[in-house]
Every structure is written in C-alpha cells, then in structure tokens.
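Protein chains in written order, with my numbering: chain A, 2 to 283; chain B, 22 to 195.
Taking it in order: structure first as structure tokens, then the write-up.
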C-alpha cells in the first residue's frame, strides 16, 4: 500500500500531464467536427462579447478608410441614376447594327466627385464653406455641391487646391425647385439667418401645399440635376403679396455637421451657357 | 511572494497583448508571433511539474478561446512545458547532474545570450511544430506548413528576445 502511494507521488506529474494532453486532444477532436460541442459554445459565449468590444474599438480607427470606400461606392451608384443622363436619338447606323435596340441612347449629362468640408460658417448673414479640392482636382466654378442628405450649395470660387462653396445659407442663393406632389415650380431663397430654414418663393396661391411636402430641384438651372432633395415644407402662409404663398422649407442638409460633400459637374455646361448668354444679349 | 505576483502580472499582460495585438499580426501573410510563450519560459524551474503543466494548459486554453482553435495551444503548451526541463538539462551540459544548479530563473542575468537564445529557440520551435500541425491537421502542402512553422518560430524568438533584453537589461558580469 505504501508502495502504491509512493508510486503515485512520484508519478503524479505524469498523470497530470496525460490527463491534460488527453483533454486537449478531446477538445481538438470535437472542435474539428461540427460546432455542436458544448464547451466551444460556452467559451464563445464568454469570449464573444469581449472580442466584439475589442473589434469595435479597433473599428473606430478604421472608420476613415472605410468612409472613403463608402463614398466612392456612393458615387459609383449615384452616377448611374436616371437624372444623370439625357436621352438622344442615336445614329441610324447603330440602329441597323443592333436591330433589337431602340434608336435612343443615353448621354451622360452630369458627373460626380467628392470633397471634404474643411471650413464652414452657419451663423452669419453671408455664409460660406471651403472644401479640400480645387482646380487641380478638376473642380470648376458653378459645380453643384450635395451633402449626403440633399442639396448643399454651389461652388463660387476656386484656387488650385481649394474651392469656396456658397451654401443655401446665403442671401444670393437662388435654386429653382419643384414642390411635390403639387408639382409647382418655384425658387428657394434664404432670408432669416436660420441655418435650418429657407423660403420657397413664387408658388401660386391656389396650389395645394401641405406641411411635410418635399421640395426637389427641378433641373432648370443646369447646375443641379433633377430630383435632388432640398428640404421639406415646414410652414405655409398666405403672404402679403396676394398671388403667392409664403412657404418655409426645412432644409435637408445639416450645415452644422457637414463633412463629406459630393460635387456635381455638368458636362455640357459651356455649351448650355453659350446658349443662355445669347438669349441674354437680345 | 514577490515572484508569484510578478509572474501572474506577466501572464496577464502578455496574454492581453497576445490576444489584442499579436494574434492579429500576420507578417508576409503567415508569420505571427506567439509572445505569450515568454511568460511560460520565465516560470521558475523549481516549480512542481504538475503545476507547470496546468499553467501551460490554462494559458493555452485562454489563447485558444480567443483564436477559436480549442485544443491546439492547450496541447502544444502542455507538451512544451513537459519538454522544458529536458531542454534546460541539455543546455546545461550532460556532465552536470543537478539540472537546477545555479538557476534561479532562465533570464539574461543568470544565463548568457547563447543559452537564452537556444532555450527560446528550441522551446518555441517545439511549440510551433505542434501548434501549426495540430491547427492544420494535414500533411498536405507540407512545404508551406514548414514555412509557417519556421516563420512563426523566427518571428516569435525575435520578438521575445527583444522584449527580454528590453526589460532585463542587466549585462552578465564576468
């Protein structure tokens, strides 16, 4: 008996070793098969939340690059929207070569790029923003500026690396707009020095405008593509001027926390401007 | 007593670093350091063997839990802890019968660089062979598996020696 105890004392570590190794192999075997194994689940239940918290923290540092990727993806998608194109009649030649197709073709009218706002004011009478791209990046005057939520402004001045944007929050801003579902065209202006509210002018009094109606761009300006959200109707009043309504519009763009903006270029801008200039001269 | 607290703190710290950082490193796509082995290397050699095995197993289990490889590191760490006294004996020379002679801990102050290097290298290599082979569970594409084993070993030894000589900057007196 004493011998036995003595033996166990000496061989104790060997027994421990054997037990631990067998345990490891058992775990190994089970974790290689299906995830039915209880222990794996229990461990995952404990470790999972810790890892999730950890990866959340790591994720924060990666938000920058991820945002850039998402912005790129957004641009790719926005470029394919219907309001980016105009339809034209195709040449007779392509119609003959591809008998199935109609002789309409889509011509790209607008193109997108993006920039980041590096400076902006919202509390002045004449507000402006500066973005981190300029003429070297292909930015030109009169490009439309959009925030993720909707219309933000127009590029008014450019330097090689930066551009000045006149937001809606500027007394000289005029954006031709359409209010839906009444389908009345008007002009959005800004008067009250309130960074959240603008006015929609020139809507006839007989039109039925409800609070919450959406105000979109109508594409007349050749700066903004058709169908971009400007804001929603906040208040409708019968103004002093008998023939028009006074409509307050809550702007979609939050100027207080604007960072990434999309810039829209009209590819036929010079052509259209030439036509318009002729019209003015007469 | 101080020694115990220092060891526990070292284990916690190295495991946290292993789980948060080292586990996510993969240099050239396959080299990732197993820095937590350092804590096992520095365990006092005169500790009861069964306790050493259990500590090895537990450490491996924590690493496994976070790497979703239950059993792999457990096995490799336990086996490595089993081999450790024999490696020490081998490095001390066969003529030395008392294998724990003159050893407080296997650290730079007590041993010269060559001893530390081979001690780290051999034990890391044993761990990596077991861990990588058990992790892949196949002898297919053995060249690549071998490359992973060697890469991990070299990287781990490098990192451990750096850490070791940064935190134990005592030069051997002679």
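Yeah, the Cβ is synthetic: ideal placement off N, Cα and C, and Gly gets one too.
Since the model is a prediction, treat every value here as computed from it, not as a measurement.
Notebook entry, point to check: Is it right to say residue 59 of chain A is buried, meaning 16 or more other beta carbons lie within 10 angstroms of its own, or is it exposed?
Noted result: Taking the first chain and counting its residues from 1, one reaches residue 59 of chain A at position 58. Result: exposed.
Check: Would you call the segment 111-122 of chain A and the segment 39-56 of chain B touching, i.e. three or more CB-CB distances under 8 angstroms?
Finding: no
Next item on the list: Assign residue 62 of chain A to one of two classes, buried (16 or more other C-beta atoms within 10 Å of its C-beta) or exposed (fewer than that).
Entry: As a position in the first chain, residue 62 of chain A is number 61, starting the count at 1. By the 10 Å Cβ count, residue 62 of chain A comes out exposed.
Note to self: DSSP three-state label for residue 198 of chain B, please.
What the structure shows: A question about residue 198 of chain B goes unanswered here, because the residues of chain B that appear run from 22 up to 195.
Margin query: In the DSSP output, which residue or residues are listed as bridge partners for residue 158 of chain A?
Written below: In the first chain, the residue the question calls residue 158 of chain A occupies position 157. Answer by DSSP bridge pairing, in chain order: A:165.
Item checked: Cβ-Cβ separation, residue 262 of chain A to residue 153 of chain A (assumed contact under 8 angstroms), whole Å -> As a first step, residue 153 of chain A must be located in the first chain, where it is residue number 152. As a first step, residue 262 of chain A must be located in the first chain, where it is residue number 261. Indeed they touch by this definition, with Cβ atoms about 6 angstroms apart.
Notebook entry, point to check: Should residue 84 of chain A and residue 226 of chain A be called a contact, given that it needs their Cβ atoms to be closer than 8 angstroms?
Noted result: The residue given as residue 84 of chain A occupies position 83 in the first chain. The residue given as residue 226 of chain A occupies position 225 in the first chain. Closer than 8 angstroms, so yes.
Notebook entry, point to check: Among B:74, B:60, B:72, B:177, which residue has its Cα nearest to the Cα of residue 36 of chain B?
Noted result: As a working note, residue 36 of chain B is residue 15 in the second chain. Comparing Cα positions, the closest option is B:60.
Check: Shorter than 8 angstroms from the beta carbon of residue 46 of chain A to some beta carbon of chain B?
Finding: The residue you call residue 46 of chain A lines up with position 45 of the first chain. Residue 46 of chain A does not count as touching chain B.
Check: Leaving out five residues before and five after residue 191 of chain A in sequence, what residues of the same chain have Cβ atoms less than 6 angstroms from its Cβ?
Finding: For the purposes of this step, residue 191 of chain A is identified with residue 190 of the first chain, where counting begins at 1. For residue 191 of chain A, where only same-chain residues beyond five positions count, the Cβ hits under 6 angstroms are 169, 170, 174, 199.
Item checked: Beta-ladder partner(s) of residue 149 of chain A, from DSSP -> Working through the first chain from its first residue, we reach residue 149 of chain A at position 148. According to DSSP, residue 149 of chain A bridges with nothing at all.
Next item on the list: Kindly say whether residue 74 of chain B, judged by its beta-carbon, lies nearer than 8 angstroms to any beta-carbon of chain A.
Entry: Mapped onto the second chain, residue 74 of chain B falls at position 53. Taking Cβ atoms only, chain A reaches closer than 8 angstroms to residue 74 of chain B, which makes this a yes.
Notebook entry, point to check: From A:268, A:278, A:257, A:267, pick the residue whose C-alpha is nearest to that of residue 128 of chain A; which is it?
Noted result: The count along the first chain starts at 1 and reaches residue 128 of chain A at position 127. When each option's Cα is compared against that of residue 128 of chain A, the closest is A:257.
Next item on the list: Check residue 206 of chain A in the structure and name its three-state DSSP category.
Entry: The residue you call residue 206 of chain A lines up with position 205 of the first chain. Three-state DSSP puts residue 206 of chain A in coil, outside helix and strand.
Notebook entry, point to check: Would residue 284 of chain A count as contacting chain B if we go by Cβ distances under 8 angstroms?
Noted result: Chain A is shown from 2 up to 283; residue 284 of chain A falls before or after that span and cannot be answered.
Item checked: Separation of residue 24 of chain A from residue 150 of chain A, as counted between CA atoms -> Indexing the first chain from 1 puts residue 150 of chain A at position 149. Indexing the first chain from 1 puts residue 24 of chain A at position 23. Rounded to whole angstroms, residue 150 of chain A to residue 24 of chain A spans 58 angstroms at the Cα level.
Note to self: Taking 8 angstroms as the threshold (C-beta atoms), are residue 201 of chain A and residue 183 of chain A in contact?
What the structure shows: On the first chain, position 182 is the one that residue 183 of chain A refers to. On the first chain, position 200 is the one that residue 201 of chain A refers to. No, they are not a contact pair.
Next item on the list: Leaving aside the five residues before and after residue 217 of chain A along the sequence, list all residues of the same chain whose C-beta is less than 7 angstroms from its C-beta, in chain order.
Entry: Numbered from its first residue, the first chain carries residue 217 of chain A at position 216. Excluding sequence neighbours, residue 217 of chain A sits near 178, 179, 181, 228, 229, 230, 231.
Check: Residues of chain A with CB under 7 angstroms from residue 71 of chain B, in chain order?
Finding: As a working note, residue 71 of chain B is residue 50 in the second chain. Per Cβ cutoff of 7 angstroms: 13, 14, 17.
Checklist line | Identity of the residue in B:146, B:91, B:169 nearest residue 62 of chain B by Cα | finding: What you label residue 62 of chain B is simply residue 41 of the second chain in a count that begins at 1. Residue 62 of chain B has its Cα closest to that of B:146, out of B:146, B:91, B:169.
Notebook entry, point to check: By how many angstroms is the C-alpha of residue 69 of chain A removed from the C-alpha of residue 234 of chain A?
Noted result: If you number the first chain from 1, residue 234 of chain A lands on position 233. If you number the first chain from 1, residue 69 of chain A lands on position 68. Cα to Cα, the separation comes out at about 33 angstroms.
Next item on the list: Since I believe residue 276 of chain A is in contact with residue 110 of chain A (beta carbons under 8 angstroms), could you give me their beta-carbon distance rounded to a whole number of angstroms?
Entry: Sequence index remark: in the first chain, residue 110 of chain A carries index 109 (1-based). Sequence index remark: in the first chain, residue 276 of chain A carries index 275 (1-based). Incorrect: roughly 14 angstroms between the Cβ atoms, too far for contact.
Margin query: If I follow the unbroken alpha helix (DSSP H) through residue 71 of chain B, where does it start and stop?
Written below: Mapped onto the second chain, residue 71 of chain B falls at position 50. It spans 70-88 - the alpha helix (DSSP H) in which residue 71 of chain B sits, taken as one unbroken run.
Item checked: Residue nearest to residue 223 of chain A in terms of C-alpha spacing, selected from A:20, A:6, A:112, A:12 -> Counting from one through the first chain, the residue named residue 223 of chain A turns up at place 222. Selected option, being the one with the closest Cα: A:112.
Next item on the list: For residue 52 of chain B, name the three-state secondary structure that DSSP assigns.
Entry: Mapped onto the second chain, residue 52 of chain B falls at position 31. In the structure shown, residue 52 of chain B sits in a strand (DSSP, three-state: E or B).
Next item on the list: Mind listing the chain A neighbours of residue 93 of chain B? Cutoff is C-beta to C-beta under 9 angstroms, in chain order.
Entry: Here residue 93 of chain B refers to the residue found at position 72 when the second chain is read from its first residue. Residues of chain A passing the Cβ test: 25, 28, 29, 32.
Notebook entry, point to check: Quick one: is residue 152 of chain B near chain A, going by C-beta distance under 8 angstroms?
Noted result: Counting from 1 along the second chain, the entry for residue 152 of chain B is found at position 131. So no, residue 152 of chain B is outside the interface.
Notebook entry, point to check: Counting along the chain, where does the beta strand (DSSP E) carrying residue 252 of chain A start and finish?
Noted result: In the first chain, counting from the first residue as 1, residue 252 of chain A sits at position 251. 245-252 is the span of the beta strand (DSSP E), which, as asked, contains residue 252 of chain A.
Next item on the list: Could you spell out the range, first to last residue, of the alpha helix (DSSP H) harbouring residue 94 of chain B?
Entry: Taking the first residue of the second chain as position 1, residue 94 of chain B is located at position 73. Unbroken alpha helix (DSSP H) run through residue 94 of chain B: 93-113.
Next item on the list: Only counting runs of 4 or more residues, tell me where the alpha helix (DSSP H) segments fall wholly within the segment 3-78 of chain A, in order along the chain.
Entry: 3-33
Check: What are the complete alpha helix (DSSP H) segments, minimum 4 residues, inside the segment 132-181 of chain B?
Finding: 134-157
Notebook entry, point to check: What three-state label does DSSP hand residue 264 of chain A in the structure shown?
Noted result: For the purposes of this step, residue 264 of chain A is taken as residue 263 along the first chain, with counting starting at 1. DSSP places residue 264 of chain A in strand when its eight states are reduced to three.
Next item on the list: Answer yes or no: does any C-beta atom of chain A fall closer than 8 angstroms to that of residue 48 of chain B?
Entry: Sequence index remark: in the second chain, residue 48 of chain B carries index 27 (1-based). Output row for residue 48 of chain B: interface = no.
Next item on the list: Determine the direct distance from the alpha carbon of residue 132 of chain B to that of residue 254 of chain B, and round the result to whole angstroms.
Entry: Since the displayed chain B opens at 22 and closes at 195, residue 254 of chain B lies outside it and no answer follows.
Next item on the list: Have a look at the DSSP bridge pairing and note the partners of residue 232 of chain A.
Entry: Translated into the one-based positions of the first chain, residue 232 of chain A becomes position 231. DSSP, once it has assigned bridges, lists A:216, A:252 as partnering residue 232 of chain A.
Next item on the list: Could you round the C-beta distance between residue 153 of chain B and residue 170 of chain B to whole angstroms and report it? I think they count as a contact, below 8 angstroms.
Entry: Start at 1 with the first residue of the second chain, and residue 153 of chain B comes out as number 132. Start at 1 with the first residue of the second chain, and residue 170 of chain B comes out as number 149. Contact holds; Cβ gap of about 5 angstroms.
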